[in-house]
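Asker: Take this structure first; my questions come after.
Residue numbers (this note's numbering): 217 to 352.
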């Protein structure tokens, strides 16, 4: 039995050393042939992707550093002027005590659990007014 195995492995080794088998194995483990100064299509494509990513990153960096701050400054200035114009109109209105209170305003079925119980959580003294004793 040992002799049969030894003969089998000797033939197998001889077959593997044959030129046809050796060329197939060598070809299988060889890299793809070099083209265009050693770069294949995949490597060229990856380099182009990296180049495009670097250019795009630089574009967004410039937009972030040089475009966004002026836009924020303009938006802030616009908000400030609109805010001031809005409060100018309030100076032309009658005082809060003289304004008409309608029945649908400031409806209270029970007191709030904070403060004096009459003012909501978002109460603003310069805008809101509620007289408990005033009846419409």
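Glycine included, C-beta positions come from ideal geometry on N, C-alpha and C.
Quick test of the definition: if touching needs 3 or more C-beta pairs under 8 Å, does the stretch 279-297 touch the stretch 319-327?
Answerer: No contact exists between the stretch 279-297 and the stretch 319-327.
Asker: How many angstroms separate the CA atom of residue 282 from the CA atom of residue 273?
Answerer: The residue given as residue 282 occupies position 66 in the chain shown. The residue given as residue 273 occupies position 57 in the chain shown. Using only the alpha carbons, I get a separation of about 14 Å.
Asker: When the distance is taken between beta carbons, is residue 327 closer than 7 Å to residue 333?
Answerer: Counted from its first residue, the chain shown places residue 333 at position 117. Counted from its first residue, the chain shown places residue 327 at position 111. Result yes, Cβ atoms of residue 333 and residue 327 sit closer than 7 Å.
Asker: When the Cα of residue 344 is compared with those of 330, 316 and 329, which residue comes out closest?
Answerer: Looking up residue 344 in the chain shown gives position 128. Nearest C-alpha to residue 344: 316.
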